[in-house]
Amino acid sequence: MPPPVPPAEAREPVRGAVDTGSGGPRLSYLDFGGPGRPLLALHGHFGAALTFAPLAARLAPAWRVIAPDQRGHGHSERPAGGDFSRAGYVADALAVLRQLGVERAAVLGHSLGGVNAYQLAARHPERVDALVVEDVGAEVDDDLSCCLAWPRRAPTRTELLARLGAWAPHAADAVREYADGWGPAFDPRDMVASQRQLNGDHWADWLGSGCPALLVRGTRSGVLGAARAREMVRRRPGTRLAELDAGHAVHAGAPEEFARVVTGFLSGARGTARAIGTRQQSATHG
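Going by the numbering used here, the first residue of the sequence shown is number 581, and it counts up by one from there.
Take a look at the structure:
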């Protein structure tokens, strides 16, 4: 087994904001900087950009991680009219790349962010060099209404996370201190609405891009089963599967192993993506 991927020298991320335009929400993002190639990282429900800080440290300096707080999460605005549509999330990701002047990037996404990532790749293939999808399938059917019973406030961060129980790892980076105590940096009603608009059959989008892809599954996750993961890999050419001993949030449950498989995949995907781009350019001008 190769040695663990050590974190690079710590780098303070820069927080910025993106105006998505056309009435869309203003988004906050963290740019972890560095000279490396850009990697857009999209968190899942209850998450925030900060969840990718350990991964960004391990991928530096080869990769510059850019992680937005997705609409309705963290420091980003709630969308008008409860718009948590597929098109809205994809437009947000595209807006981040455009504002930062990133023409092409590798894109990594966890859960909700994973679907957003492979839909971005399918709908804007000219923007995506490689794809890492963490523990989410091509068909989604879930219900997050349990979060409506979560505590609105707690005296301390520790007590708030304790009250969240098994959900604490998913929300640990998305809690903040308010005037009346600690609470989530999102409205639980938005999470329920977002999940409902995420549910559906997304096979066309999963199969709709040709860039190299890595599908990561947590072997203790109840979200993406082994059979479905293998079907996704079998049906999409150029896709690899990594199964790690973790739950649904693989990047948090197995951070070193996750960074190792992502690093290995991205290192190989760079040459493959260049070859695909050259073939596509030749076909266009031939």
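Cβ atoms here follow ideal geometry from the backbone N, Cα and C, with glycine treated the same way.
Only a predicted model underlies this, so the values are computations on that prediction, with no experimental measurement involved.
Cβ-based neighbour list, Ala702, same chain, cut-off 7 Å, excluding 5 preceding and 5 following: For the purposes of this step, residue 702 is taken as the residue at position 122 of the sequence shown. The residues are Asp785, Gly788 and Ser789.
Minimum length 4: unbroken alpha helix (DSSP H) runs contained in the segment 665-745: The DSSP assignment places complete alpha helix (DSSP H) segments of no fewer than 4 residues inside the segment 665-745 at 666-679, 692-703 and 737-744, in order along the chain.
If distances are taken between C-alpha atoms only, which option among Arg743, Ala710, Asp663 and His655 comes closest to Arg756? To locate residue 756, count along the sequence shown from 1; it is residue 176. Among Arg743, Ala710, Asp663 and His655, the Cα nearest to that of Arg756 is on His655.
Boundaries of the alpha helix (DSSP H) in which Glu657 is found, first to last residue: Residue mapping note: residue 657 aligns to position 77 of the sequence shown, counting from 1. Neither: Glu657 is in no alpha helix (DSSP H) and is coded neither H nor E.
Among Gly624, Val594 and Gly601, which residue has its Cα nearest to the Cα of Val803? For the purposes of this step, residue 803 is taken as residue 223 along the sequence shown, with counting starting at 1. Ranked by how close their Cα comes to the Cα of Val803, the residues Gly624, Val594 and Gly601 have Gly624 in first place.
So is Gly717 buried or exposed if we call it buried at 16+ other beta carbons inside 10 Å? Within the sequence shown, numbered from 1, the residue matching residue 717 stands at position 137. The residue in question, Gly717, is buried, as its Cβ has 16 or more Cβ neighbours within 10 Å.
Closer than 8 Å is the cut-off here; do at least three beta carbon pairs connect the segment 614-624 with the segment 641-649? yes
Just to confirm, are Leu741 and Leu700 a CB contact at a threshold of 8 Å? Translated into positions along the sequence shown, residue 741 becomes position 161. Translated into positions along the sequence shown, residue 700 becomes position 120. Leu741 is not a Cβ neighbour of Leu700, given a cutoff of 8 Å.
According to DSSP, which residues form a beta bridge with Phe845? Taking the first residue of the sequence shown as position 1, residue 845 is located at position 265. Its beta-bridge partners do not exist; DSSP assigns none.
Buried or exposed for Ser691, please, with buried defined as at least 16 other CB atoms from any protein chain shown within 10 angstroms of its CB. One-based indexing of the sequence shown puts residue 691 at position 111. Buried, since its Cβ has 16 or more Cβ neighbours within 10 Å.
Could you please give the first and the last residue of the uninterrupted beta strand (DSSP E) stretch that includes Glu757? Locating residue 757 in the sequence shown gives position 177, where the first residue counts as 1. Per DSSP, Glu757 belongs to the beta strand (DSSP E) from Val755 to Tyr758.
With burial defined as no fewer than 16 other Cβ atoms inside 10 Å of the residue's Cβ, what is the status of Tyr669: buried or exposed? Within the sequence shown, residue 669 is the residue found at index 89, counting from 1. Tyr669 should be labelled buried.
Decide if Thr736 is buried, meaning its Cβ has at least 16 other Cβ atoms within 10 Å, or exposed. Residue 736 sits at position 156 when you count from the first residue of the sequence shown. Thr736 is exposed by the Cβ-count criterion.
Quick one: is Ala652 buried, meaning 16 or more other Cβ sit within 10 Å of its Cβ, or exposed? Here residue 652 is taken as the residue at index 72 of the sequence shown, counted from 1. It is Gly, not Ala, that sits at residue 652 in the sequence shown. Buried.
Considering just the uninterrupted stretch of the alpha helix (DSSP H) at Val803, what are its terminal residues? The residue labelled residue 803 in the question sits at position 223 within the sequence shown. Looking at the DSSP string, Val803 is not in any alpha helix (DSSP H), and its letter there is neither H nor E.
Using the C-alpha atoms, what's the distance from Trp747 back to Thr858? Start at 1 with the first residue of the sequence shown, and residue 858 comes out as number 278. Start at 1 with the first residue of the sequence shown, and residue 747 comes out as number 167. With a pLDDT of 44 at Thr858, under the threshold of 50, the predicted position of this residue should be treated as unreliable, though the coordinate-derived value follows. Roughly 44 Å between the two C-alpha positions.
Could you give the distance in angstroms between the alpha-carbon of Ala647 and the alpha-carbon of Ala822? In the sequence shown, counting from the first residue as 1, residue 647 sits at position 67. In the sequence shown, counting from the first residue as 1, residue 822 sits at position 242. If I take the Cα positions, the gap works out to 22 Å.
Just the C-alpha distance for Pro749 and Ala829, rounded to the nearest angstrom, thanks. Here residue 749 refers to the residue found at position 169 of the sequence shown. Here residue 829 refers to the residue found at position 249 of the sequence shown. Those two C-alpha atoms are separated by around 8 Å.
Please name the residue or residues paired with His653 in a DSSP beta bridge. Taking the first residue of the sequence shown as 1, we reach residue 653 at position 73. His653 is bridged by DSSP to Phe766.
Given Val585, which residues of its chain have a CB within under 7 Å of its CB, disregarding the five upstream and five downstream residues? Stepping through the sequence shown from its first residue, residue 585 is reached at position 5. Its pLDDT being 48, under 50, Val585 is placed unreliably in this model, and the value from its coordinates should be taken loosely. So the list reads Arg638, Glu836, Ala839, Arg840 and Thr843, once near-sequence residues are dropped.
Are the CB atoms of Leu728 and Pro768 within a distance shorter than 8 Å? Counting from 1 along the sequence shown, the entry for residue 768 is found at position 188. Counting from 1 along the sequence shown, the entry for residue 728 is found at position 148. In contact: Pro768 and Leu728 (Cβ atoms closer than 8 Å).
Just to confirm my understanding: we take Phe766, look at its own chain, exclude 5 residues before and 5 after, and list those with CB closer than 8 Å. What are they? As a first step, residue 766 is located in the sequence shown; it is residue number 186 there, counting from the start. Phe626, Gly652, His653, Gly654 and Ala754.
Which residues bound the alpha helix (DSSP H) around Gly596? Within the sequence shown, residue 596 is the residue found at index 16, counting from 1. Here Gly596 belongs to no alpha helix (DSSP H); instead the beta strand (DSSP E) covers Val594 to Asp599.
Reference Gly601, options Ala686, Ala621, Arg743 and Asp672, closest by Cα: In the sequence shown, residue 601 corresponds to position 21, counting from 1. The shortest C-alpha separation from Gly601 is found at Asp672.
Output the distance between the C-alpha atoms of Gly603 and Glu739, rounded to the nearest integer angstrom. Counting from one through the sequence shown, the residue named residue 603 turns up at place 23. Counting from one through the sequence shown, the residue named residue 739 turns up at place 159. Whole-angstrom Cα-Cα distance: 37 Å.
Can you check DSSP and say which residues form a bridge with Gly761? One-based indexing of the sequence shown puts residue 761 at position 181. In the DSSP output, where bridge partners are listed per residue, Gly761 has Tyr758.
Residue range of the alpha helix (DSSP H) that includes Arg638: In the sequence shown, residue 638 corresponds to position 58, counting from 1. First-last of the alpha helix (DSSP H) with Arg638: Ala633 to Leu639.
Does the distance from the C-beta atom of Tyr698 to that of Val682 stay below 8 Å? Numbered from its first residue, the sequence shown carries residue 698 at position 118. Numbered from its first residue, the sequence shown carries residue 682 at position 102. No, Cβ-Cβ distance for Tyr698 and Val682 is not below 8 Å.
Which residue marks the beginning of the alpha helix (DSSP H) containing Asp785, and which one marks its end? Sequence index remark: in the sequence shown, residue 785 carries index 205 (1-based). Trp783 to Trp786 is the extent of the alpha helix (DSSP H) around Asp785.
N- and C-terminal bounds of the beta strand (DSSP E) containing Pro648: The residue given as residue 648 occupies position 68 in the sequence shown. Pro648 -> beta strand (DSSP E) spans Trp643 to Pro648.
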